[in-house]
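Asks: Residue numbers (our numbering), protein chains in the order written: chain A, 1155 to 1265; chain B, 2 to 112.
The beta carbon of each residue, even a glycine, is placed where N, CA and C say it ideally should be.
Computed from a prediction, not measured in an experiment: that's the story for all the values here.
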Amino acid sequence: EPEVTQTPSHQVTQMGQEVILRCVPISNHLYFYWYRQILGQKVEFLVSFYNNEISEKSEIFDDQFSVERPDGSNFTLKIRSTKLEDSAMYFCASRTYNEQFFGPGTRLTVL
Amino acid sequence: GEDVEQSLFLSVREGDSSVINCTYTDSSSTYLYWYKQEPGAGLQLLTYIFSNMDMKQDQRLTVLLNKKDKHLSLRIADTQTGDSAIYFCAESKDSNYQLIWGAGTKLIIKP
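#1: At 9 Å on the CB atoms, spell out the chain B contacts of residue 1221 of chain A, in chain order.
#2: Just mark residue 1250 of chain A as buried or exposed, buried being the case when its beta carbon has 16 or more other beta carbons within 10 Å.
#3: Counting only beta-carbon separations shorter than 7 Å, does residue 102 of chain B have a partner in chain A?
#4: Within its chain, find whatever has a CB closer than 7 Å to the CB of residue 54 of chain B; leave out the 5 residues flanking it on each side and keep chain order.
#5: Which residues of the region 1226 to 1247 of chain A have a Cβ closer than 7 Å to any Cβ of chain B? Give them in chain order.
#6: Going by DSSP, name the residue or residues bridged to residue 37 of chain B.
#7: Hey, is residue 25 of chain B's beta-carbon within less than 7 Å of any beta-carbon in chain A?
#8: Should residue 91 of chain B be labelled buried (16 or more other beta-carbon atoms within 10 Å of its own) or exposed?
#9: Can you give me the C-alpha to C-alpha distance between residue 1202 of chain A and residue 97 of chain B, rounded to a whole angstrom?
#10: For residue 1259 of chain A, return the contacting residues in chain B, with the cut-off set at a CB-CB distance below 9 Å.
#11: Among A/1234, A/1190 and A/1255, which has the Cα closest to the Cα of residue 1261 of chain A?
#12: Going by DSSP, what residue range makes up the beta strand (DSSP E) through residue 1172 of chain A?
#13: Measuring CB atoms only, is the region 75 to 86 of chain B touching the region 1175 to 1192 of chain A, in the sense that at least three cross pairs come out at less than 8 Å?
#14: Check whether chain A comes within 7 Å of residue 99 of chain B, counting only Cβ atoms and requiring the distance to be less than that.
#15: Quick one, which of A/1156, A/1166 and A/1161 has its alpha-carbon nearest residue 1236 of chain A's?
#16: Start and end of the beta strand (DSSP E) containing residue 1215 of chain A?
#17: So, is residue 1173 of chain A buried or exposed, given that buried needs 16 or more other C-beta atoms within 10 angstroms?
#18: Leaving out the 5 sequence neighbours to the left and right, which residues in its chain are closer than 8 Å to residue 1180 of chain A when beta-carbon positions are compared?
This is the structure:
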């Protein structure tokens, strides 16, 4: 069964460093999303992407964040200069019709 | 703004039915979802219901929607130890299908 994959499963970085989180969505899906879950808090929407551009973004998704679909398979989230408060589980999702399927997440720890 | 609320814990005996409840505030929600998260795993789509329906059944799962009270429930019949997980309620309301999440209900199964 097709699934969304994410790498790495765990990323540890120093404050101020850039990180890139990678996702491979399900191959025939056209809509892609990033969400995050800070420990003990609700899952929060970050950004959605369709037709090679951002379709919507939340207040969290500021200039430090960017997304890209560099080729036909990968979908990446870049955080330019990480802060302690960026520590969270980051989930990628892809959608067909009304069903969103999620990857296993990347746990980002900023020290 | 939009909000989705769930109880944090539910404890049931193995073999009994579990009923996990969720309330939401946005009456323009189009789809309402239930996701399951097992320890260390991602967010697994269990089932969803369109807002013009009041019930959906899928094997051991029954979703009930009371649109007037903005109340959604997930009933799991014959609860098994493998059902131990956190269950998230989520809503989407516009063409972008971004999800707004509850905090999750941890289902604890007693032998």
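Replies: Straight from the coordinates:
#1: Simply none; closest approach about 14 Å.
#2: When all chains shown are included, residue 1250 of chain A counts as exposed.
#3: Yes, contact with chain A.
#4: Once the five neighbours on either side are set aside, the close Cβ partners of residue 54 of chain B are 66.
#5: So the close ones are 1245.
#6: Its beta-bridge partners are B/45 and B/88.
#7: Chain A contact via Cβ: absent.
#8: With 16 or more other Cβ atoms inside 10 Å of its own Cβ, residue 91 of chain B counts as buried.
#9: Those two C-alpha atoms are separated by around 8 Å.
#10: Going along chain B in sequence order, the residues near residue 1259 of chain A (Cβ under 9 Å) are 42, 43 and 44.
#11: Nearest option by C-alpha distance: A/1190.
#12: Neither: residue 1172 of chain A is in no beta strand (DSSP E) and is coded neither H nor E.
#13: The region 75 to 86 of chain B and the region 1175 to 1192 of chain A do not touch, with fewer than 3 CB-CB distances between them shorter than 8 Å.
#14: Chain A places a beta carbon closer than 7 Å to that of residue 99 of chain B, counting this residue as a contact.
#15: Nearest of A/1156, A/1166 and A/1161 to residue 1236 of chain A, Cα basis: A/1166.
#16: Where residue 1215 of chain A is concerned, there is no enclosing beta strand (DSSP E), because DSSP gives it neither an H nor an E.
#17: By the neighbour-count criterion, in which 16 or more other beta carbons inside 10 Å mark a residue as buried, residue 1173 of chain A falls on the buried side.
#18: So the list reads 1156, 1157, 1158, 1248, 1250 and 1255, once near-sequence residues are dropped.
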